[in-house]
Each structure stands twice: as C-alpha cells, then as structure tokens.
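Numbering-wise, the sequence shown is residues -31 to -1, 1 to 356 according to mature numbering (1 follows the signal peptide of the UniProt record, and there is no 0).
Cβ coordinates follow ideal geometry from the N, Cα and C atoms, glycine included.
Below is one structure, written out as structure tokens; comments come after it.
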Amino acid sequence: MTRFSRKTCCWTRQIVALLCSACLLKPIARAEAPPAPQTNASPSADILSIVRQQNQQIRKGALAAQGVFGGRTSHDNGVNPAARMVRGAKTVVFISMSMPDRELSAMLEEVRGRRDVVFFLRGLEANDGHKTAEHIKAVSDFKDHLREPQPVVAVLPQAFARWDVTQVPVVMHESIADHKWYRVDGALSIESATRDIDAGVKSRNVGMTWPVREKDLAEVFRDRMQRYNWHAWQDRAAKAMTDRMDRGTPLPRAERDTRYTVDLSVTFPQDIRDQKGNLIMAKGTRYNPLTKAGLPGAAIVVVDPSDQRQIVMAHAWLQRYPQGRLFVTHYDEGGVRSLTEETGIKPMLLDSIIVKRFQLRAAPSLLTAENGKLVVQTLSPRVEGGM
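Printed below as a string of structure tokens:
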C-alpha cells in the first residue's frame, strides 16, 4: 500500500471563457492604431502576441484539466473551438452591451452569415456568460434565424487594452490597398467603415460612441483569484479526500485465541480458454491456489493499528515471517506510522473481499498455509509490551 497521507494536491482551475486562440487572427498579425482621433495610423503593433498569450492560458488550462480528470476537454490540446469559426477574418468590431439594442442589433444583423467579420467583447455582462449570450441572442433575432450562420462573438479583453478601446463601436479592417489594418471609431455601419478604409480613408472618428460597460474579464478573474480563500479551499479538498478515502474493513478485537482452517479451492463453472482457444481449465475443475502458488510471503498479518499491543504482535510475527504481508483493519495515521517504523513494512488496507474470502473474524490474525489449507490464528492481544 502506498504511504498514507492526508495531504492533497491543489489544482488551480484556470478559467478560460470564449478567448480566441492564436489561429483566430493570423490575418490580423499587424494593425495600425491612431494615438489620437483624426490622425494617420501609428506603426503597426502585433496583436497576434495578445492572442498567443491567451492561447497559452487555454493550453495550460486544457492540459491541467486533462491531467487531473483523466479525460479530454472542450479545449483539447489548447485548441479553442472558436478558432475554426473566425479563421480568415478581415474585419474586427469592438462592441459592448452598453450600446443601445437597436444599434447593436443593426451591426449584428448587417454581417449575418459572413465569416470574415468577428465581434469582440471586453468582458461579460454583469460577469455572467449566460446573461451575455442571451442578450446577444435577443438583439440578433436568434430565434428567427436558426438555420442561418450566427455572428461570431468572442471575449478578448487584451485587445481592448492594447488598442485603448474605451468607447464603442470601433471597426478595424484590413485595407485591400496595402493590406494594413486601420480603425474607425463610432462607425455608422460596418459596411461604411470598411468601404472608407478600402477607399484610402485612414483611421478616423465618425458617429456616436458609448462607453464600454463590461469589466475586463482578465481583471475579473485576477481579482477573484486574489480574493478567493485558497486555504479554506485546501482544507475542504483535504477533508473531501479523507472522506472518500478507503478506510478499510474494521474487525472486532479478538477476545480469545482461536485457530481454524479455510479451504480456498474454487470450482470453475465453465471452460477457461486463452486467446487462441486453447483449453486452460475445463469446466468443473477444482483449483486450489495454495497448492499451486502458496501463500504470498508465507504469511499474512492482520492487525488493528490503533492498538499498540497488536503493533507489537505484528512486529514479532513479521520477524518470524520477514517476507510476510501486512494488512491493517482501518486507517489510523499515528498507528500506521508506528507500525511502519516498527516492522519496516508499509501496510495495506484490508478490504471486504479479503475478509469474506479468508473468513476473517477478528484482529489480530496470523494467516499461514498448511496442507493446502489456509490456517487462521486469531489471538487475543496480550499485555502491552509483550505477547
């Protein structure tokens, strides 16, 4: 049995919500943003680094979750499922739930069915993903267009920070002339903004804007992580692990010395064959494992680790049978530690299957083999310090 311990490994679940992976914006590798309205764009800045950073978070979260829970996740190998939808985007629109529903609906409806346009949010409405999704469905007439491709909306707070987007809408578009990216703040429509950029009109401000209402999702996560009581979580996790731990199968303490034998023979109810169909054991064959393999270690010792007298008895028995196996009836941290130090053997937890198979009745018990039978000796614990 592996060494008992109440310590548990603490896994911090990385929260990843609708973040774009590195392949989302390969066409948007470089974009120009103005330091002030009505001026030409500044030298290109690498927005791809933003997405790469978030992709690393997705990858770490996915691999951590897969390692902990032993199964595949929705972000297997760090690949965001949203990547497939927005690959090849030529236009990015920064939006917020603070925009009037009429304005937001018009923008979403304008590009319905187009896969070259993607919408960015800085965070979630009231920090609630479900509420955000329902709001978007409502303003985009989702129910009336179930058979049509829906607008692609993703959360990318770092893009808002990089481009200093505090008012929306903002349209960024790759010009067909020089294949550089330019922005239009307060666009009257996505079509008019992209048409102006393609025509050579550089970054500018037009139309009304509204302040971004959503909190930066990355900041929300950081704040929650900092304010969360991780020590209490660790305590709860340790307690839950302890509660789920196999605590063995307690046996009553022996009140008197007894000795009895158990026949471990079994009769096979059907033929046993190998993969090639060769007969290994015919139906009706009676098999006794003790006559074929003997008892592991020549002896099995079963004790209650909370009883110091039984620990002393286990030590004496295992000196007689140094290769013997040691079982404890239940988990007792101090007793198991003392038992391991006394015998030099790490004990195993006794389970109900062994109790039933070996017909165990009390502890301490010494199990040996004699003439093909299992011999069970149950001894009443002697005075402390001796047999």
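Express the C-alpha separation of residue j and residue i in angstroms, rounding to a whole number.
i: residue 107; j: residue 205; result: 40 angstroms
i: residue 83; j: residue 120; result: 8 angstroms
i: residue 80; j: residue 100; result: 23 angstroms
i: residue 281; j: residue 275; result: 12 angstroms
i: residue 331; j: residue 341; result: 22 angstroms
i: residue 164; j: residue 125; result: 25 angstroms
i: residue 185; j: residue 272; result: 59 angstroms
i: residue 109; j: residue 88; result: 13 angstroms
i: residue 207; j: residue 320; result: 23 angstroms
i: residue 238; j: residue 244; result: 19 angstroms
i: residue 190; j: residue 197; result: 10 angstroms
i: residue 7; j: residue 170; result: For residue 7, the pLDDT reaches just 37, beneath the cut-off of 50, and the residue's location in the model is therefore unreliable, leaving the point undetermined.
i: residue 336; j: residue 255; result: 22 angstroms
i: residue 166; j: residue 173; result: 10 angstroms
i: residue 96; j: residue 307; result: 52 angstroms
i: residue 78; j: residue 72; result: 10 angstroms
i: residue 304; j: residue 219; result: 14 angstroms
i: residue 322; j: residue 128; result: 60 angstroms
i: residue 86; j: residue 58; result: 5 angstroms
i: residue 168; j: residue 154; result: 17 angstroms
i: residue 324; j: residue 260; result: 21 angstroms
i: residue 252; j: residue 235; result: 11 angstroms
i: residue 250; j: residue 298; result: 35 angstroms
i: residue 76; j: residue 156; result: 10 angstroms
i: residue 135; j: residue 90; result: 11 angstroms
i: residue -30; j: residue 193; result: Confidence at residue -30 is low in this model, with a pLDDT of 40, below 50, so its placement is unreliable and the value that follows should be read with caution. Residue -30 and residue 193: Cα-Cα distance of roughly 36 angstroms.
i: residue 12; j: residue 175; result: The pLDDT assigned to residue 12 is 30, lower than 50, so where the model puts this residue is not dependable; a value taken from the coordinates is nonetheless given after this. Whole-angstrom Cα-Cα distance: 22 angstroms.
i: residue 302; j: residue 246; result: 49 angstroms
i: residue 148; j: residue 161; result: 18 angstroms
i: residue 318; j: residue 203; result: 25 angstroms
i: residue 257; j: residue 333; result: 25 angstroms
i: residue 177; j: residue 102; result: 24 angstroms
Under a Cβ-count criterion, where at least 16 other Cβ atoms within 10 Å of its own Cβ denotes burial, should residue i be classed as buried or exposed?
i: residue 70; result: exposed
i: residue 92; result: buried
i: residue 200; result: exposed
i: residue 183; result: buried
i: residue 151; result: buried
i: residue 221; result: exposed
i: residue 338; result: buried
i: residue 347; result: buried
i: residue 94; result: buried
i: residue 328; result: exposed
i: residue 159; result: buried
i: residue 279; result: buried
i: residue 132; result: buried
i: residue 105; result: buried
i: residue 358; result: Past the edges of the chain, shown from -31 to 356, lies residue 358, and the structure says nothing about it.
i: residue 241; result: exposed
i: residue 269; result: buried
i: residue 118; result: exposed
i: residue 187; result: buried
i: residue 209; result: exposed
i: residue 146; result: exposed
i: residue 50; result: Since pLDDT at residue 50 reaches only 41, below the 50 mark, its modelled position is unreliable, and the value read off the structure follows with that caveat. By the 10 Å Cβ count, residue 50 comes out exposed.
For residue i, list the residues DSSP reports as bridge partners.
i: residue 72; result: Paired residue(s): none; residue 72 is not in a bridge.
i: residue 332; result: 222
i: residue 323; result: None, per the DSSP bridge assignment.
i: residue 138; result: Paired residue(s): none; residue 138 is not in a bridge.
i: residue 346; result: 228 and 335
i: residue 201; result: In the DSSP output, where bridge partners are listed per residue, residue 201 has none listed.
i: residue 61; result: 87 and 141
i: residue 363; result: This structure gives no information on residue 363, because the portion of the chain shown stretches from -31 to 356.
i: residue 174; result: 154
i: residue 299; result: 217
i: residue 179; result: 137
i: residue 269; result: 294 and 336
i: residue 255; result: 236
i: residue 242; result: 248
i: residue 123; result: 89
i: residue 210; result: Residue 210 is not bridged to any residue.
i: residue 317; result: 296
Can you check whether the C-beta of residue i is within less than 9 angstroms of a C-beta belonging to chain D?
i: residue 259; result: The structure shown contains no chain D, having only a single protein chain.
With residue i and residue j assumed to form a contact (beta carbons below 8 angstroms), what rounded beta-carbon distance in angstroms separates them?
i: residue 223; j: residue 316; result: That belief does not hold up - the Cβ atoms of residue 223 and residue 316 are roughly 18 angstroms apart, past 8 angstroms.
i: residue 216; j: residue 300; result: 5 angstroms
i: residue 179; j: residue 74; result: Their Cβ separation, rounded to whole angstroms, is 14 angstroms, which puts residue 179 and residue 74 out of contact at 8 angstroms.
i: residue 181; j: residue 122; result: In fact, because the Cβ distance is near 14 angstroms, the residues do not count as touching under 8 angstroms.
At least three beta-carbon pairs within less than 8 angstroms, the region 58 to 74 to the region 130 to 147 | yes
Below 8 angstroms, can you find three or more Cβ-Cβ pairs linking the region 288 to 297 to the region 248 to 267?
-> Touching, per the Cβ criterion.
Taking contact to mean at least 3 C-beta pairs separated by less than 8 angstroms, is the region 280 to 292 in contact with the region 307 to 315?
-> yes
Three CB pairs or more closer than 8 angstroms across the region 333 to 350 and the region 222 to 238 | yes
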